[in-house]
Amino acid sequence: MPRIAPSVSREQVALEACRLLEMLEVLWGRSGVAASLPPVSPSQLRVLTVIEKWDGVNLRDLGEALGSTPPSVSRLCDRLEAAGLIQRSRGTANRREVELRLSPGGHRALKQMRAWRSGEIETVLTKVPEADLGALAESLQTFRTAALLHIGPEETGHSTGSATA
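Right, here's the structure in full:
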């Protein structure tokens, strides 16, 4: 028999989501366990994620997607390129622009990070009753869909236009 959840406000749900994110930051920030992962800051991880989804993005569009200024995005990309995680190349449509792509090392770093994070979450999920997993997965998918709608296709790499336009 399905459980009937008490009525909750969006504010209450938002506060619970914030608490969850804070707990995930603690979980993922534990030293020792994460030491085997490439040293990538949260800002750099956001850059890698956007570049992965929007292959060939230019600095201006990357800055817009991240809500960051061009100088700070350029510095982040400088560090990621020096670490071998991204590659810069001349634009194919406009040779004055620089296109950004993940390097093989960048793809590996994201894969390792996701595998480690997923493993940590799976460990936590062993504490969740089996009967609640389906509802949890459905709720997470609903939230993700709403977040993607809120952010918009340009910032998620699902733009129908050119990333270098």
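Taking full-length UniProt numbering, the leading residue of the sequence shown gets 1, the next gets one more, and so forth. Idealized CB from N, CA, C, for every residue including glycine.
The alpha helix (DSSP H) enclosing S139, as first and last residue numbers: 130–151
Buried/exposed call for E122, threshold 16 Cβ in 10 Å: exposed
Nonlocal neighbours in the same chain, by C-beta distance under 7 Å from V13, ignoring five residues either side: none
Residue nearest to V73 in terms of C-alpha spacing, selected from V8, R46, T145, R117: R46
Quick check on the DSSP output: the alpha helix (DSSP H) that includes R101 runs from which residue to which? Counting along the chain, R101 falls outside any alpha helix (DSSP H), though it belongs to the beta strand (DSSP E) covering 98–102.
Rounded straight-line distance, which links the Cα of V8 to that of E138: 17 Å
So, using beta-carbon positions, are Q112 and L80 closer together than 8 Å? no
By DSSP, does H158 sit in helix, in strand, or in coil? For H158, the pLDDT reaches just 39, beneath the cut-off of 50, and the residue's location in the model is therefore unreliable, although a value from the coordinates is still provided. Reduced to three states, the DSSP call for H158 is coil.
Cβ-Cβ distance between E130 and L27 below 8 Å: no
Do G106 and L48 have their C-beta atoms closer together than 8 Å? yes
In the structure shown, what three-state DSSP assignment does R95 receive? R95: coil per DSSP, three-state reduction.
Spatial distance of T69 from K127 (CA atoms): 42 Å
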